[in-house]
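Sequences listed follow chains A and B, in order. Sequential numbering from 0 applies to the first sequence in numbering that gives the first Met the number 0. Sequential numbering from 0 applies to the second sequence in numbering that gives the first Met the number 0. Beta carbons: idealized from backbone N, C-alpha and C, even for Gly. To start, the structure under review is shown below, and the notes come after it.
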Amino acid sequence: MKKTIRWGMIGCGTVAEVKSGPGFYKARDSSFDAVTIPILQ
Amino acid sequence: MTRAFAQRHRVASAFDTTEQLLADQAIDAVYIDDRQLIKEQLMPRIQFEELKAEFKRVLIKKGCDESSADLSAQLMTQTSCDGVYSHGVNRFPRVIDYIDKGYIDLKAKPTRVDGMGAFERWDGNLGLGNVNAKLSMDRAIELARANGIGCVALSNTNHWLRGGSYGWQAADAGCVGICWTNTQPNMPAWGARDRRIGNNPFVMAVPRHEGHVVVDIAMAQFSYGQMESSAMRGDLLPVPGGYDEQGQLSCDPKEIAKTWRVLPVGYWKGSSMSIVMDMIAAVLSGGRSTVGVGKLGSDEYGLSQVFIALDATRIAGEDYLASAISEAIENIHGSARVDPDQPVLYPGERSMGYRKDNLANGIPVGDELWARIKAL
Numbered sequence: 000m001k002k003t004i005r006w007g008m009i010g011c012g013t014v015a016e017v018k019s020g021p022g023f024y025k026a027r028d029s030s031f032d033a034v035t036i037p038i039l040q
Numbered sequence: 000m001t002r003a004f005a006q007r008h009r010v011a012s013a014f015d016t017t018e019q020l021l022a023d024q025a026i027d028a029v030y031i032d033d034r035q036l037i038k039e040q041l042m043p044r045i046q047f048e049e050l051k052a053e054f055k056r057v058l059i060k061k062g063c064d065e066s067s068a069d070l071s072a073q074l075m076t077q078t079s080c081d082g083v084y085s086h087g088v089n090r091f092p093r094v095i096d097y098i099d100k101g102y103i104d105l106k107a108k109p110t111r112v113d114g115m116g117a118f119e120r121w122d123g124n125l126g127l128g129n130v131n132a133k134l135s136m137d138r139a140i141e142l143a144r145a146n147g148i149g150c151v152a153l154s155n156t157n158h159w160l161r162g163g164s165y166g167w168q169a170a171d172a173g174c175v176g177i178c179w180t181n182t183q184p185n186m187p188a189w190g191a192r193d194r195r196i197g198n199n200p201f202v203m204a205v206p207r208h209e210g211h212v213v214v215d216i217a218m219a220q221f222s223y224g225q226m227e228s229s230a231m232r233g234d235l236l237p238v239p240g241g242y243d244e245q246g247q248l249s250c251d252p253k254e255i256a257k258t259w260r261v262l263p264v265g266y267w268k269g270s271s272m273s274i275v276m277d278m279i280a281a282v283l284s285g286g287r288s289t290v291g292v293g294k295l296g297s298d299e300y301g302l303s304q305v306f307i308a309l310d311a312t313r314i315a316g317e318d319y320l321a322s323a324i325s326e327a328i329e330n331i332h333g334s335a336r337v338d339p340d341q342p343v344l345y346p347g348e349r350s351m352g353y354r355k356d357n358l359a360n361g362i363p364v365g366d367e368l369w370a371r372i373k374a375l
């Protein structure tokens, strides 16, 4: 049974913007659903 | 930043904290896009008192007396606790290396050389840099209690580690604190290719009950520590921080590291500030200027520093001091944000977040570094 993997990502800096991020919604059976940034509040 | 990123990539949920994201039941898997963060998350968290005890143990073993070791250890642990790891725990092995090389004399105490009213000149005698700096600001505060203002110029001292510590110290005493240090030649003057001036960190602090306002900046756009951290993460700098080998302004910390041509803050303005701060520190203390420090070799010691305290609580009165600072901060916090998710902060505000987290959960220290310190 095919399942779409729903991804969350910690970190959305300059590398995530162009390198890591797009892969999660471009890849087959993968969706990019949540993000946060690891900054201490 | 998080929400803007989410919009650009059509991500449904943007969370404020890692905990909220991890609690989202709809998520199957989590990717951590930050090598440094992964390292930090895997790092053991050492409790404040345990880390301090370890620093103190090593310093005493090297020949330091109990009270200086305790003070130095307290300052380094507080620095790490405030999230400035580069000038706290991460720098400890270098402090020990400098002790072993004889640059830091653990038996030395600062001595008063001369005095003129509210101004005093002291010789650091190459003692521990953070202890010398703490004692100098203590003396500046004492002078300020008597005169409204106090100034200590310190020669022949060592790296003070986190300059902000002495700003926080003055503010804890209800004083406005101003201090700076010179450094080895590590930055080209504006228009120059070779490094002949220092990045000369500069600190100003204003006391405030809810958290002091403290600016702690080098005269370079980015400190070497900040650039190393960005390079480790594979991140670019948000604005140019220096020049690459082709002589072009660059945001790539790895390229800048090849040339050491770091950019002064405000271009020619930071260069001018660095030059004059160095001159004032050398002239007032009777110690070395950056050029003199450079003549000692590639290691950095024998520095000149200036510590100024103003008894702001007495000068302004507690009520006016509190209301004037609150009004200014409320005004800053009320700014129209460029990014709705990014608050506009006053200087020193972020340190409070690190302090709270690290006091509760321990201070992150890499396995390798911790093992190295334990073996000292």
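Query: Close-in-space but distant-in-sequence residues of the same chain around Gly62 (chain B) (CB under 6 Å, 5 per side omitted); Result: Leu105
Query: Nearest-angstrom Cα separation, counted from Pro206 (chain B) out to Val212 (chain B); Result: 7 Å
Query: Contacts that Leu20 (chain B) makes with chain A (C-beta to C-beta distance below 8 Å); Result: Gly7, Ile9, Ala33, Val34, Thr35
Query: Close-in-space but distant-in-sequence residues of the same chain around Gly87 (chain B) (CB under 6 Å, 5 per side omitted); Result: Met75, Thr78, Ser79
Query: Candidates B:Gln183, B:Ile274, B:Ser135, B:Arg349, of which the one nearest Val214 (chain B) by Cα; Result: B:Arg349
Query: Within chain A, the residues that Thr1 (chain B) reaches when beta carbons sit closer than 8 Å; Result: Cys11, Val34, Thr35, Ile36
Query: Span separating the alpha-carbon of Thr16 (chain B) from that of Thr156 (chain B); Result: 42 Å
Query: Residues that Thr156 (chain B) bridges to, as DSSP identifies them; Result: B:Leu302
Query: Beta carbon proximity, Ala15 (chain A) to chain E, threshold 8 Å; Result: No chain E appears in this structure, whose protein chains are A and B.
Query: Exposure label - Gln40 (chain A); buried when at least 16 CB within 10 Å; Result: Unreliable placement is indicated for Gln40 (chain A), whose pLDDT of 32 sits below 50; no coordinate value is reported for it.
Query: Three or more C-beta pairs below 8 Å linking the stretch 169 to 185 of chain B and the stretch 273 to 287 of chain B; Result: yes
Query: Spatial neighbours of Gly269 (chain B) in its chain, beta-carbon cut-off 6 Å, leaving aside the 5 residues before and after; Result: Met218, Pro263
Query: Alpha carbon of Ala308 (chain B) to alpha carbon of Ser30 (chain A), nearest angstrom; Result: 57 Å
Query: Segments assigned alpha helix (DSSP H), at least 4 residues, entirely inside the stretch 163 to 244 of chain B; Result: 163 to 171, 223 to 232
Query: CB contact check: Ala11 (chain B) to chain A, cutoff 8 Å; Result: yes
Query: Sub-8 Å separation of Val261 (chain B) and Phe221 (chain B) beta-carbons; Result: yes
Query: C-alpha distance - Gly210 (chain B) paired with Ala204 (chain B), whole-angstrom precision; Result: 11 Å
Query: Beta-bridge pairing of Ala28 (chain B) - partner residues as DSSP gives them; Result: A:Trp6
Query: Beta-carbon contacts of Pro184 (chain B) that lie in its chain and below 8 Å, excluding the five residues immediately before and after; Result: Arg194, Arg195, Ile196, Gly197, Thr289, Val290, Val292, Gly293
Query: 8 Å Cβ cutoff, Ala230 (chain B) in contact with chain A; Result: no
Query: Best match in B:Leu21, B:Pro43, B:Gln247 for proximity to Ile36 (chain A) [C-alpha to C-alpha]; Result: B:Leu21
Query: Anticipated Cβ contact below 8 Å, Ala13 (chain B) with Arg5 (chain A), distance rounded; Result: Incorrect: roughly 15 Å between the Cβ atoms, too far for contact.
Query: Reduced DSSP category for Thr110 (chain B) - H, G, I as helix; E, B as strand; rest coil; Result: strand
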